[in-house]
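*Asks:* Going by the working numbering, the sequence shown wraps up at 266, each residue one higher than the last.
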Amino acid sequence: MPPDRDDLRLLAISVGNTRTTFGVFEGDLLTGAGAAPNADPAALIAQLLERARSIESAETRAVVCATVNPTFSESLIEALEKELDAPVRRVEVDLPIAIVHSLGETHTTGQDRLLAALGAYEGLQQACVVIDAGTAITVDFVDGTGVFHGGVIAPGVQMMLDSLAERAAALPALTAEAPSGDGPYPKTTVDAMRAGVIAAARGLVRVMLDRYAESYGAYPVVIATGGDAERLFADDEIVESVAPHLVLRGIAASVRRALEPEDHDA
């Protein structure tokens with residue numbers, strides 16, 4: 001890793017199941033953040049190369065990739081390294097995730113969950129529940145000292161809609177959107193399905209928040225991230241804020257921690 005954290009320019013990449021998010025950090029400042037679907041690798045690579053080349057003049061720079069989609073990310077990294085003629089660092093291979101956890105040595109928790117939790121705690125510095133709403137919805141708990149304790153995984157809203165259409169012959173295939181009506185009683189099948197999956201996602205958060213609060217002895221701050229976070233939680237009174245780039249911020253935090261001088265005190 002580059003030796004100077006103050007001058008570092010970082011391209012952080014998070015490869016998800018259906019899309020990839022990315023952004024450039026200049027110190028703690030995130031610029032040029034974006035996202036592109038994995039279904040169009042050429043367009044995605046073009047956007048990543050544009051951002052990577054924007055930091056080529058920096059004295060110290062790095063490109064770091066986290067993934068929950070290893071097969072796709074490896075082909076993406078190979079393409080980037082060929083074009084850049086420089087290495088792309090891999091999270092949990094070249095760079096540890098800088099968060100303490102209580103999961104045990106054999107855990108298989110996804111990089112995105114750990115990094116989102118780290119990104120949230122770095123900003124809040126207090127106990128928090130971290131919702132990541134994407135292909136799946138995760139609801140995780142970080143205590144007041146920054147320890148990640150795990151949480152739950154459930155289908156995302158599009159996955160729920162797809163399952164309804166696949167398993168029930170009378171139900172249509174839909175995209176995840178807000179229902180057309182605002183009343184408490186959806187009047188059409190389409191609105192009933194869309195309202196139902198939104199209620200399921202929000203209900204999941206409420207159930208888990210109560211469970212975590214009971215165990216912890218206090219109600220933590222709730223923060224949401226992920227591609228569906230704005231649609232699901234922007235107007236939800238129990239969610240303090242929607243932060244779209246927590247995973248990228250977790251990558252940046254891990255890089256900064258890796259560059260901190262070691263404590264050589266006896």
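C-beta atoms are modelled at their ideal positions from N, C-alpha and C, and glycine is treated no differently.
#1: Could you tell me if R113 is buried or exposed, where buried requires 16 or more neighbouring beta carbons within 10 angstroms of its beta carbon?
#2: In whole angstroms, give me the CA-to-CA distance for A46 and Y121.
#3: Nearest to A173 by CA position, among D182, L161 and G183, is which residue?
#4: Mind checking whether A33 and V24 have CB atoms under 9 Å apart?
#5: In this structure, what does DSSP give as the bridge partners for I153?
#6: Start and end of the beta strand (DSSP E) containing T188?
#7: What three-state label does DSSP hand L174 in the structure shown?
#8: Alpha carbon to alpha carbon, how far is R53 from T138? Give it in angstroms, no decimals.
#9: Taking all protein chains shown into account, do 16 or more other C-beta atoms lie within 10 angstroms of the C-beta of G16, making it buried, or fewer, making it exposed?
#10: Can you name the start and end residues of the alpha helix (DSSP H) that S73 belongs to?
#11: DSSP has L30 in a bridge; who is on the other side?
#12: How long is the line joining the alpha carbons of D132 and V239, rounded to whole angstroms?
#13: Give a yes or no on whether the C-beta atoms belonging to R90 and R9 are separated by under 9 Å.
#14: Helix, strand or coil for D132? Go by DSSP, reduced to three states.
#15: Is the region 193-203 in contact with the region 91-106, if contact means three or more CB pairs nearer than 8 Å?
#16: Just to confirm, is the Cβ distance from L124 to I223 under 9 Å?
#17: Relative to the C-alpha of T108, which candidate in D210, L80, V68 and L171 has its C-alpha closest?
#18: Could you check if Y185 is buried or exposed, using at least 16 other CB atoms within 10 Å of its CB as the buried criterion?
#19: Could you spell out where the beta strand (DSSP E) holding L103 opens and where it closes?
#20: Would Q126 and G144 qualify as a contact pair, given that the criterion is a beta-carbon distance under 9 Å?
#21: Classify D182 as buried or exposed, calling it buried when 16 or more other Cβ atoms lie within 10 Å of its own Cβ.
#22: Just reading off the beta strand (DSSP E) that L49 is part of, what are its end residues?
#23: How many Å lie between R202 and Q158 at the Cα?
#24: Determine the direct distance from the alpha carbon of F233 to that of G227, and round the result to whole angstroms.
#25: I'd like to check one pair, T20 with L76: are the Cβ atoms closer than 9 Å?
*Replies:* In short:
#1: buried
#2: 32 Å
#3: L161
#4: yes
#5: T138
#6: First-last for T188: undefined, no H or E at that position.
#7: coil
#8: 34 Å
#9: buried
#10: P70 to L84
#11: F25
#12: 12 Å
#13: no
#14: strand
#15: no
#16: yes
#17: V68
#18: exposed
#19: Looking at the DSSP string, L103 is not in any beta strand (DSSP E), and its letter there is neither H nor E.
#20: yes
#21: exposed
#22: Per DSSP, L49 belongs to no beta strand (DSSP E); it is in the alpha helix (DSSP H), P41 to S54.
#23: 14 Å
#24: 11 Å
#25: yes
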